[in-house]
Ligand SMILES: Cc1ncc(C[n+]2csc(CCOP(=O)(O)OP(=O)(O)O)c2C)c(N)n1
Ligand code: SF4
Ligand SMILES: [Mg+2]
């Protein structure tokens, strides 16, 4: 039989709340430990117990570890989703199922493996009866391990980590797993091609989820105050603060340099965070869409009164309660001008778990430097799933506390300062902080009209001048925000702009576009709004720019229209919103759909494999194509229906 | 730094920290003449001056409303935050973590606290935020021109609004139920009591709720309206005469009082609040009695004033957090960023 090594996907179908997450994480972590690039995505319903839930693992020796839309191996434990799970196995794939599920199996194009999980667990006298279901999950891990060659030492390492070195649960789970593996060795004949072999591609890497990374980054950023209200998928960020602060900021006197408050709602959460930011603390809140909606009035206050604060939005799909446990990039335009009246937000867009860490500390520097709320838009996929990451690196520069005047500074100024005076010409004023004992330090903060000395005024000229300064401050921000990441390609004929967690899917789509369609591309991953000059340059350079994102309306594209009206014709939206972690398929198909729509006859030629040199020799034709498409189709066009794909 | 300040008045007009009353004033009020809120601002100025509070040790807070404008009109030398409608409590909760040695004085309205901000109001109580929380209660929305507020009595007639069909919210009862540690009611038409209660409230550690009936002379001052001057004067039912004795003063007054009628409450800072009971032996440390008294007053249409409840044994919000002695907002990178070695430790904690 053909062997397929280190290049396949596994999907486990279980019931929510059945305790399978330990089992699934064990599979993921052991493959990582074997040095093979891997990702794991939990596709779960908004429910505590009972509804079907899936865990999909992607193994890929070349590092393409975005979620794969097809499943090569399916493990079916949940009778309720059995038929669906069976149907979802790709032709030539493998199907493992709990043999107490008695439902018809009609497929002949896949390998079928029944698993007597209950019998195996029952046979082990060491497993207490009420642990049988939980530990039973380990049996399927064992059977899978035996059949695809997961290394037993790697499994032990994963379990040791999971149970924090506690020998009893480690042994109990490992033994159940071993029993499964032994049973499979004795009773199952390998009929599918999927195999794992050790590599060394994850050496020196870590595995973590973005919410934990964000919390740890915030701790290294010197966080002093956080207020939050529970919401999926953001809760684990604040909970990680509660886990790591006591460890990382432990002091000999046992006292605390921080406070974390669970607020009564998101209004109060941001209110408290703004209060703390105003009184000089590195302060943040973390939430998701519905919470961000509640925060809008306060966001406007922080913008107008110029209070530093960091707001994490771990995005889930809306509108309204939407699909609460599904991922999305749907809050971008909302955040862009959040609050009533004119406003511009500073937004950070981490693209992976490492950047969740990095923006954890950088966001405080930015907020205090710019004296404005900084929004960090992560998403459920990044926030809650385990990703391979390079290790966290100590911040490369000291904390930037921004323009703060203490007693000594005021003495030197002889009390001569104005809270909203643009002394340096960069539109960023100086601030003082409560507790400053200088009698000239105090000022009165308000969301009503104010002059340069923070005095109440309704004077039109003063109002306009202040608002114009705030607009200039957004320009100043461009020099401080993280620059985009350019994945350059000299031979590129198209540009791709994206942000956030879609990067892996885009890499893979780029690869497919090049090898299967002869289209070479260059990819700019934006990491902040406002856009810095690198974004200007990229847009100027490319004629056809695909804007890839996970929402319905092409939100980044809308912002690009606003910021680059002169280049509006260049942008083509590849927007998709199925609520699942990004997959190369819709990225590729979306690009092809828009690319083909050019209707210049390149479609067929492009579909034929082309060398890079040939692709590069096509620019003239492409230019014409761009013009034509811009003239004949709306920016969003039909691409969305064209890329719709079936999912279970 | 105080020496460099221009001092108003003669040396004899300065208090124990060397400040004159002027040092406690704010910008001229832009509220209506005769508005109860103005008289409360004046009593805040007097109380702070008499207590020799350093203005730099106080943070002023407010929400939105005529009442919430007041912090502009007292204590210019204190930091202030005029926040959003109903959201003063959350801003104060966060801000007071900056320097936990500071005390908050918040001014809110009945619309601000009993309607839009009811949730935050009650959560500030249960957290025991270290601030004086004044509700300038006029039974109407002043700033939006005379709509009913949630404290307006059932049956109140207002010009454009007709008759109020709903039962009122009782600020003191809500505060008590939410575990406030200091609850008092007063009447802007009784400035002496307002001032003494303010002093006691300021000396209290934790949240001190003052429901001060503060007539809106423009929109709700008819003779028979509960929140009018006339009704207040006629129906005020003080629980006791209240006086506040500063920590280091010799407590002379005490001796002159008739023992049986006196109740003392000692505050954390060593000051004493003396309650001279007018009728029954009211015990403001008994929560059940306090609720009973409020209920009795409601049944009898009394405007019950005085210190209704006090509990000096509860930790404040910032106490609960066991913070370092230095103000959090004076900490630097050395205190806040873990050592370089910790990054390896963290990476080792990941898989
Ligand atoms: C979110 C929001 N809704 C409504 C308003 C309009 N508004 C301003 S003040 C006010 C009522 C103020 O009443 P109260 O708190 O009793 O203060 P008063 O003016 O009576 O002192 C309202 C509804 C607002 N500022 N913000
Ligand atoms: S409208 Fe009423 S509450 Fe407002 S300032 Fe005038 S009297 Fe005071
Ligand atoms: Mg009112």
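Residue numbers (our numbering), protein chains in the order written: chain Z, 59 to 706; chain D, 25 to 375. Backbone N, C-alpha and C define an ideal beta-carbon position, used for all residues, glycine too.
Using the Cα positions of residue i and residue j, report the straight-line distance between them to the nearest angstrom.
i: residue 325 of chain D; j: residue 198 of chain D; result: 18 Å
i: residue 66 of chain D; j: residue 276 of chain Z; result: 44 Å
i: residue 300 of chain D; j: residue 269 of chain D; result: 13 Å
i: residue 41 of chain D; j: residue 535 of chain Z; result: 44 Å
i: residue 297 of chain Z; j: residue 285 of chain Z; result: 11 Å
i: residue 331 of chain D; j: residue 539 of chain Z; result: 54 Å
i: residue 237 of chain D; j: residue 130 of chain D; result: 16 Å
i: residue 99 of chain D; j: residue 54 of chain D; result: 15 Å
i: residue 140 of chain Z; j: residue 155 of chain Z; result: 8 Å
i: residue 597 of chain Z; j: residue 520 of chain Z; result: 37 Å
i: residue 579 of chain Z; j: residue 546 of chain Z; result: 8 Å
i: residue 570 of chain Z; j: residue 651 of chain Z; result: 14 Å
i: residue 391 of chain Z; j: residue 615 of chain Z; result: 10 Å
i: residue 333 of chain Z; j: residue 360 of chain Z; result: 10 Å
i: residue 619 of chain Z; j: residue 531 of chain Z; result: 21 Å
i: residue 279 of chain Z; j: residue 360 of chain D; result: 8 Å
i: residue 323 of chain D; j: residue 216 of chain D; result: 27 Å
Taking CB distances under 8 Å as the criterion, tell me whether residue i reaches chain D.
i: residue 219 of chain Z; result: yes
i: residue 398 of chain Z; result: no
i: residue 379 of chain Z; result: no
i: residue 283 of chain Z; result: yes
i: residue 514 of chain Z; result: yes
i: residue 116 of chain Z; result: no
i: residue 492 of chain Z; result: yes
i: residue 755 of chain Z; result: There is simply no residue 755 of chain Z to check, as chain Z begins at 59 and stops at 706 in what is shown.
i: residue 506 of chain Z; result: yes
Any C-beta of chain Z sitting closer than 8 Å to the C-beta of residue i?
i: residue 361 of chain D; result: yes
i: residue 264 of chain D; result: no
i: residue 371 of chain D; result: yes
i: residue 348 of chain D; result: yes
i: residue 351 of chain D; result: yes
State the start and end residues of the unbroken alpha helix (DSSP H) segment that holds residue i.
i: residue 465 of chain Z; result: 465-471
i: residue 570 of chain Z; result: 561-575
i: residue 214 of chain Z; result: 210-220
Can you name, in chain order, every residue of its own chain whose Cβ lies under 8 Å from the Cβ of residue i, other than the five neighbours on each side?
i: residue 635 of chain Z; result: 375, 386, 388, 608, 609 and 610
i: residue 675 of chain Z; result: Per-residue confidence for residue 675 of chain Z stands at a pLDDT of 38, beneath the threshold of 50, marking its modelled position as unreliable; the derived number appears in the next sentence. For residue 675 of chain Z, where only same-chain residues beyond five positions count, there are no Cβ hits under 8 Å.
i: residue 309 of chain D; result: 289, 333, 334 and 335
i: residue 473 of chain Z; result: 496, 497 and 498
i: residue 74 of chain Z; result: 102, 103, 105, 106, 107, 108, 109, 110 and 111
i: residue 277 of chain D; result: Per-residue confidence for residue 277 of chain D stands at a pLDDT of 46, beneath the threshold of 50, marking its modelled position as unreliable; the derived number appears in the next sentence. Closer than 8 Å at the Cβ level, and outside the excluded window around residue 277 of chain D, lie 267, 269 and 298.
Can you tell me where the beta strand (DSSP E) with residue i in it begins and where it stops?
i: residue 161 of chain D; result: 155-161
i: residue 545 of chain Z; result: 543-545
i: residue 247 of chain D; result: Per DSSP, residue 247 of chain D belongs to no beta strand (DSSP E) and is neither H nor E.
i: residue 600 of chain Z; result: Taken as a continuous stretch (DSSP letters only), residue 600 of chain Z belongs to no beta strand (DSSP E), as it is neither H nor E.
i: residue 503 of chain Z; result: 502-504
i: residue 112 of chain Z; result: 110-118
i: residue 172 of chain Z; result: 169-173
Looking only at its chain, what residues have a beta carbon closer than 6 Å to the beta carbon of residue i, apart from the 5 residues adjacent to it on each side?
i: residue 204 of chain Z; result: 239, 242 and 243
i: residue 591 of chain Z; result: none
i: residue 174 of chain D; result: 138, 139 and 193
i: residue 432 of chain Z; result: 368, 404, 421, 424 and 425
i: residue 366 of chain Z; result: 335, 425, 426 and 429
i: residue 271 of chain D; result: 293, 294 and 295
Does any heavy atom of ligand 5 sit closer than 7 Å to the C-beta of residue i?
i: residue 293 of chain D; result: This structure lacks ligand 5; its bound ligands are ligand 1, ligand 2 and ligand 3.
Leaving out five residues on either side along the sequence, give the residues of the same chain with a beta carbon under 7 Å from the beta carbon of residue i.
i: residue 709 of chain Z; result: As displayed, chain Z neither begins before 59 nor continues past 706, which places residue 709 of chain Z out of reach and without an answer.
i: residue 664 of chain Z; result: The pLDDT assigned to residue 664 of chain Z is 42, lower than 50, so where the model puts this residue is not dependable; a value taken from the coordinates is nonetheless given after this. Within the same chain, residue 664 of chain Z has close Cβ partners 575, 576 and 577.
i: residue 275 of chain D; result: Summary for residue 275 of chain D: the model assigns pLDDT 43, below 50, so the residue's position carries little reliability; its value from the coordinates is reported in the next sentence. These residues qualify, in order along the chain: 269 and 296.
(request) Please list the segments of the beta strand (DSSP E) lying wholly inside the region 225-272 of chain Z, counting only runs of 3 or more residues, in order along the chain. (result) 264-267
(request) Would you list, in sequence order, the uninterrupted beta strand (DSSP E) runs of no fewer than 3 residues that lie entirely inside the region 418-451 of chain Z? (result) 431-437 and 444-447
(message) My parser needs the beta strand (DSSP E) runs of 3 or more residues fully inside the region 269-298 of chain Z; what are they?
(response) Restricting attention to beta strand (DSSP E) runs no shorter than 3 residues, the region 269-298 of chain Z encloses them at 283-286, ordered along the chain.
(message) My parser needs the beta strand (DSSP E) runs of 3 or more residues fully inside the region 118-153 of chain Z; what are they?
(response) If we require 3 residues or more, the beta strand (DSSP E) runs fully inside the region 118-153 of chain Z come out as 129-134.
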